[in-house]
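Trainee: Before I ask anything, here is the structure I am working with.
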Amino acid sequence: MSHQSELIATDINAYLKQHENKQLLRFITCGSVDDGKSTLIGRLLYDSKLVYEDELAKVQSDSAKQGSTGGNFDPSLFMDGLKEEREQGITIDVAYRYFSTAKRKFIIADTPGHEQYTRNMATGASSADLAILMIDARKGVLTQTKRHSFIVSLLGIHHVIVAVNKMDLVDYSEERFDEICREYEAFASRLDPFDVHFIPISALNGDNLVDRSEHMPWYNGSTLMNMLERVYIGSDRNLQDFRMPVQYVNRPNLDFRGFCGTIASGTIRPGEEIMVLPSRQKSTVKEIVTYDGNLEEAFAPLAITLTLADEIDASRGDVIVRTGNVPKSRDKIDAMLVWMNEEAMVPGKTYLFKHTTQTVPGTIDTLRYKVDVNTLHRSPAPDMALNEIGRVGISLSAPLHFDAYRRNRNMGAFIIIDRITNATVAAGMILDKTDDGATSVWDDQDTAGADDSQSTSVVSSDERAARFGQTAATILLTGLTGSGKTAIGQALERKLFDMGRAVSLLDGEAVRKGLSRDLGYTANDRSENLRRSAHLAHTLNRAGLISIASFVAPSEDVRQKVGKLIGEEQFVVVHVATPIEVCRERDTKGQYAKADAGELPNFPGVTAEYEAPAAPDVVVDASKQSIAQCCDAVIKVLQDRKIIR
919 MSHQSELIAT DINAYLKQHE NKQLLRFITC GSVDDGKSTL IGRLLYDSKL VYEDELAKVQ
979 SDSAKQGSTG GNFDPSLFMD GLKEEREQGI TIDVAYRYFS TAKRKFIIAD TPGHEQYTRN
1039 MATGASSADL AILMIDARKG VLTQTKRHSF IVSLLGIHHV IVAVNKMDLV DYSEERFDEI
1099 CREYEAFASR LDPFDVHFIP ISALNGDNLV DRSEHMPWYN GSTLMNMLER VYIGSDRNLQ
1159 DFRMPVQYVN RPNLDFRGFC GTIASGTIRP GEEIMVLPSR QKSTVKEIVT YDGNLEEAFA
1219 PLAITLTLAD EIDASRGDVI VRTGNVPKSR DKIDAMLVWM NEEAMVPGKT YLFKHTTQTV
1279 PGTIDTLRYK VDVNTLHRSP APDMALNEIG RVGISLSAPL HFDAYRRNRN MGAFIIIDRI
1339 TNATVAAGMI LDKTDDGATS VWDDQDTAGA DDSQSTSVVS SDERAARFGQ TAATILLTGL
1399 TGSGKTAIGQ ALERKLFDMG RAVSLLDGEA VRKGLSRDLG YTANDRSENL RRSAHLAHTL
1459 NRAGLISIAS FVAPSEDVRQ KVGKLIGEEQ FVVVHVATPI EVCRERDTKG QYAKADAGEL
1519 PNFPGVTAEY EAPAAPDVVV DASKQSIAQC CDAVIKVLQD RKIIR
């Protein structure tokens, strides 16, 4: 059966009411090939008694002919339905399964593990709230594990359960489980932070899936099913920024004109003032109409019809927003792409870009870099092939009305369609940008500064490295105001100095009092401030010192130019990813309040965007980690990269 409840037999109406009000959790299973993703879901359904008897009988029969367990019961056949999947014992396409328990409704997407099917995994993950990342206890963290983790982070999935599977094949070893946890945490620390939990399981035998395993008494955590039922996702949805792309204008008679669509984010009530983009016409909400009657409040992701107090013109592709909270409208955007077509991406070729209900022609102007999922390093490239991930600059024939993907998944996502074949060739996530001209203060000569052959010093860098026992480098601490950058920078300087290292600290606020006292806080001025500081840091590097630079540095483009100036091997990016709510609480100068009141323009996080690093070397959160722990995380990266010994 598809769900369980004692109310079915006693009070069917009460059961239906209970079932209607359950929260829905969408999750995916991902990881490397043959890690047991399909087996996990099949066993989870079987142990939860959520399988129809005729389906169970068929799987038991097929297990003897096509199963991969030597004729024994093979739970993976519940999910691997394609003939090719059963013959090869792998998942090829994304398989969806619906079930519910007394506490929650679930939609599972079982995604393939092979590298050539990465695009299928990205498709399944695009709407997920949680990811179950499978790791084979015998093999540990593999390349595809890292690839899927990067995509999970890129797509903004906030909750990850790392299921260390096949524990029965390593004798249920606690030491092996702890070793894999440490190995994965070391890699994941360089991704954007997410809520991660580790569970040791045996999917084939059902250990720690629904019931606690007798074979692992050393594990005191939750079972997988219990965690799925209890994980909190209420704060993941954006309920602040009201956005409703218009899908259809409903005009059944002369007395009714309604704008139909699905709320992408935020809430709306009758009587509230709205604006239609791009025309910027204003009106107030008269009624919120649904099939079941009018509503006093609507919220994402409800499908509704809005009637307005005034007769204004709007059509498919327009966006209805609140007057005091509007998205960006631009015809040039930066985005991260997952390329999903066998034919390589062609810069300059015209594609169709589908964003919410709007479809516009455009071109991919530049491929800024590709990301190596093994090292998370960025590298320039002329094109992008199937399943590769990179950052691009896009020009469109008409403006898109969007929010950055990290803030609003529905308003920051888009797909690219080939105009000739009509095939979906890529999925994109729009990045934050402070200003289209934010990097204009940099010229082509700036990045030439990394060439030490231009130095007039008669002391070589090798001699300095031998003297100081370190490789010169610049550590950029970037994050919102109040995130803890300065405190971490000061503590890191102290710790490196006590270790005998030659180190200096550049603080953004201190630099503005001297070297950059003539600059304001526009996007260009912020860029110029970082450019000057980057040259100063590079000069210190040439002297053999490790330079710690603590700056907001809100633009990814500017940070990339700093990296080219310093030299990629000598540049370490640390994202201090403290949540903005915590930064506001720590704001002793009242800067956030002034920005909210409009007194501080171009303030990152409020009146200007802060673009988080796409692939930082390390991510720390000063609201969850102590200053000492943040420093230790940075020092570990320095040691791993052999900057210090």
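For the sequence shown, our numbering assigns the number 919 to the initial residue and increments by one for each residue that follows.
By construction, the Cβ of each residue, glycine as well, lies at the ideal position given by its N, Cα and C atoms.
Starting from Glu1191, follow the beta strand (DSSP E) in both directions and report where the run begins and ends.
Mentor: Against the sequence shown, residue 1191 aligns to sequence position 273. Element bounds for Glu1191: 1191 to 1195.
Trainee: Among the residues of its own chain, which have a CB less than 6 angstroms from the CB of Leu1458, if the five just before and after it don't count?
Mentor: Position 540 of the sequence shown holds residue 1458. Within the same chain, Ser1422, Ser1465 come within 6 angstroms of Leu1458 by CB-CB distance, once the 5 residues on both sides are set aside.
Trainee: On the premise that Val1291 lies in contact with Phe1068, defined as a C-beta separation below 8 angstroms, what is that separation, rounded to the nearest angstrom?
Mentor: The residue you call residue 1068 lines up with position 150 of the sequence shown. The residue you call residue 1291 lines up with position 373 of the sequence shown. Between Val1291 and Phe1068 the Cβ distance is about 5 angstroms, and since that is below 8 angstroms, they are a contact.
Trainee: Would you kindly work out how many angstroms separate the C-alpha atoms of Pro1219 and Arg1155, rounded to a whole number?
Mentor: Counting from 1 along the sequence shown, the entry for residue 1219 is found at position 301. Counting from 1 along the sequence shown, the entry for residue 1155 is found at position 237. So the alpha carbons of these two residues sit roughly 9 angstroms apart.
Trainee: Count the other CB atoms, across all protein chains shown, that sit within 10 Å of the CB of Pro1245; report buried if there are 16 or more and exposed otherwise.
Mentor: Along the sequence shown, one-based indexing puts residue 1245 at 327. Pro1245 should be labelled buried.
Trainee: Exposed or buried, what is Tyr1137 when buried is set at 16 or more other beta-carbons lying within 10 Å of its beta-carbon?
Mentor: Translated into positions along the sequence shown, residue 1137 becomes position 219. Burial call: buried.
Trainee: For Lys1560, which three-state DSSP category applies?
Mentor: Sequence index remark: in the sequence shown, residue 1560 carries index 642 (1-based). In this structure, Lys1560 counts as coil in the three-state DSSP scheme.
Trainee: Name the two residues that bound the continuous alpha helix (DSSP H) containing Val1480.
Mentor: By one-based count along the sequence shown, residue 1480 stands at place 562. Element bounds for Val1480: 1474 to 1484.
Trainee: What do you get for Val1377, buried or exposed, if any count of 16 or more other CB atoms within 10 angstroms of its CB means buried?
Mentor: Residue mapping note: residue 1377 aligns to position 459 of the sequence shown, counting from 1. Flag for Val1377 reads exposed.
Trainee: Do the stretch 1410 to 1417 and the stretch 1521 to 1538 make contact, defined as three or more Cβ pairs closer than 8 angstroms?
Mentor: Verdict: no, contact absent.
Trainee: Reducing DSSP to helix, strand and coil, say where Ala1121 ends up.
Mentor: What you label residue 1121 is simply residue 203 of the sequence shown in a count that begins at 1. Coil, per DSSP.
Trainee: I'd like to check one pair, Ser1140 with Ser1131: are the Cβ atoms closer than 9 angstroms?
Mentor: Taking the sequence shown and counting its residues from 1, one reaches residue 1131 at position 213. Taking the sequence shown and counting its residues from 1, one reaches residue 1140 at position 222. Cβ distance not < 9 angstroms, so Ser1131 and Ser1140 don't count as in contact.
Trainee: Within the chosen definition, does the stretch 1211 to 1218 reach the stretch 1248 to 1261 through at least 3 CB pairs nearer than 8 angstroms?
Mentor: no
Trainee: How close, in whole Å, do the beta carbons of Lys1084 and Gly954 come, if the pair is a contact with beta carbons under 8 angstroms?
Mentor: Residue numbering aside, residue 1084 sits at position 166 when the sequence shown is read from its first letter. Residue numbering aside, residue 954 sits at position 36 when the sequence shown is read from its first letter. That pair is a contact at about 6 angstroms.
Trainee: Tell me the DSSP secondary structure of Ser1468 in three-state form.
Mentor: Taking the first residue of the sequence shown as position 1, residue 1468 is located at position 550. Looking at Ser1468 - three-state DSSP - the assignment turns out to be strand.
Trainee: Would you kindly check if the distance between the Cβ of Leu1349 and the Cβ of Ala1455 is under 9 angstroms?
Mentor: Walking along the sequence shown from the start, residue 1455 turns up at place 537. Walking along the sequence shown from the start, residue 1349 turns up at place 431. Not a contact, by the Cβ cut-off of 9 angstroms.
Trainee: Leaving out five residues before and five after Asp1283 in sequence, what residues of the same chain have Cβ atoms less than 6 angstroms from its Cβ?
Mentor: Locating residue 1283 in the sequence shown gives position 365, counting from the first residue. Correct list, in chain order: Gly1311, Ser1313.
Trainee: Going by C-alpha distance, which of Phe1320, Ile1206, Arg1430 is nearest Gly1189?
Mentor: Start at 1 with the first residue of the sequence shown, and residue 1189 comes out as number 271. That would be Ile1206, whose Cα lies nearest to the Cα of Gly1189.
Trainee: List the whole-angstrom C-beta distance separating Val1289 from Ala1104, where the pair is believed to meet the contact cut-off of C-beta under 8 angstroms.
Mentor: Within the sequence shown, the letter at position 371 stands for residue 1289. Within the sequence shown, the letter at position 186 stands for residue 1104. Their Cβ separation, rounded to whole angstroms, is 18 angstroms, which puts Val1289 and Ala1104 out of contact at 8 angstroms.
Trainee: At which residues does the alpha helix (DSSP H) containing Gly1407 begin and terminate?
Mentor: Translated into the one-based positions of the sequence shown, residue 1407 becomes position 489. 1403 to 1416 is the span of the alpha helix (DSSP H), which, as asked, contains Gly1407.
Trainee: Got a sec, what are the start and stop residues for the beta strand (DSSP E) Leu1394 sits in?
Mentor: Start at 1 with the first residue of the sequence shown, and residue 1394 comes out as number 476. Leu1394 -> beta strand (DSSP E) spans 1391 to 1396.
Trainee: Do Val1490 and Val1536 come within 9 angstroms of each other at the CB atom, strictly closer than that value?
Mentor: By 1-based counting over the sequence shown, the position of residue 1536 is 618. By 1-based counting over the sequence shown, the position of residue 1490 is 572. In contact: Val1536 and Val1490 (Cβ atoms closer than 9 angstroms).
Trainee: Out of Thr1399, Tyr1016, Gly1235, state which residue places its alpha-carbon closest to the alpha-carbon of Asp1505.
Mentor: Position 587 of the sequence shown holds residue 1505. Among Thr1399, Tyr1016, Gly1235, the Cα nearest to that of Asp1505 is on Thr1399.
Trainee: Could you pull the DSSP bridge partners for His1115 from this structure?
Mentor: Here residue 1115 refers to the residue found at position 197 of the sequence shown. Bridge partners of His1115: Ile1079.
Trainee: Consult DSSP for Glu1132 and reduce its assignment to one of helix, strand or coil.
Mentor: In the sequence shown, residue 1132 corresponds to position 214, counting from 1. It is coil, neither helix nor strand.
Trainee: Out of curiosity, what's the CA-to-CA distance linking Glu1092 and Val1082?
Mentor: Within the sequence shown, numbered from 1, the residue matching residue 1092 stands at position 174. Within the sequence shown, numbered from 1, the residue matching residue 1082 stands at position 164. Taking the straight line joining both Cα atoms gives about 11 angstroms.
Trainee: Taking only the alpha-carbon atoms, compute the straight-line gap between Gly1367 and Glu1446 and give it to the nearest angstrom.
Mentor: Within the sequence shown, numbered from 1, the residue matching residue 1367 stands at position 449. Within the sequence shown, numbered from 1, the residue matching residue 1446 stands at position 528. Confidence is the limiting factor: at Gly1367 the pLDDT is only 49, short of 50, which leaves the residue's position unreliable, though a coordinate-based value still follows. The alpha-carbon atoms of Gly1367 and Glu1446 are separated by roughly 16 angstroms.
Trainee: If you count every other CB in all the chains shown that lies within 10 Å of the CB of Ser1473, and 16 or more means buried, which is it?
Mentor: Taking the first residue of the sequence shown as position 1, residue 1473 is located at position 555. With 16 or more other Cβ atoms within 10 Å, it is buried.
Trainee: From the DSSP output, in three-state form, read off Asn931 for me.
Mentor: By one-based count along the sequence shown, residue 931 stands at place 13. Helix, per DSSP.
Trainee: In terms of alpha-carbon separation, which member of Ser1071, Cys1099, Ile1181 lies closest to Asp1110?
Mentor: Taking the first residue of the sequence shown as position 1, residue 1110 is located at position 192. Just measuring C-alpha positions, the residue of Ser1071, Cys1099, Ile1181 sitting nearest Asp1110 is Ser1071.
Trainee: Express the C-alpha separation of Glu1191 and Asp1231 in angstroms, rounding to a whole number.
Mentor: In the sequence shown, residue 1231 corresponds to position 313, counting from 1. In the sequence shown, residue 1191 corresponds to position 273, counting from 1. Taking the straight line joining both Cα atoms gives about 16 angstroms.
Trainee: For a minimum of 3 consecutive residues, which ranges assigned as the beta strand (DSSP E) are wholly contained in the stretch 1210 to 1294?
Mentor: 1221 to 1226, 1237 to 1240, 1246 to 1257, 1268 to 1273, 1276 to 1289
Trainee: Going by C-alpha to C-alpha distance, which of Ile1484, Leu1448, Gln1478, Arg1477 sits closest to Leu1463?
Mentor: As a first step, residue 1463 is located in the sequence shown; it is residue number 545 there, counting from the start. Measuring from the Cα of Leu1463, the nearest candidate turns out to be Ile1484.
Trainee: Among Arg1419, Gly1042, Arg1450, whose alpha-carbon lies nearest the alpha-carbon of Leu1433?
Mentor: For the purposes of this step, residue 1433 is taken as the residue at position 515 of the sequence shown. When only C-alpha atoms are compared, the closest one is Arg1450.
Trainee: Under 8 angstroms Cβ to Cβ from Ala1341, same chain only, skipping five residues before and after it: list those, please.
Mentor: By 1-based counting over the sequence shown, the position of residue 1341 is 423. Here the set comprises Asn1259, Ile1335.
Trainee: What residues are listed by DSSP as bridge partners for Asn1171?
Mentor: As a first step, residue 1171 must be located in the sequence shown, where it is residue number 253. BP columns for Asn1171 point to Phe1174.
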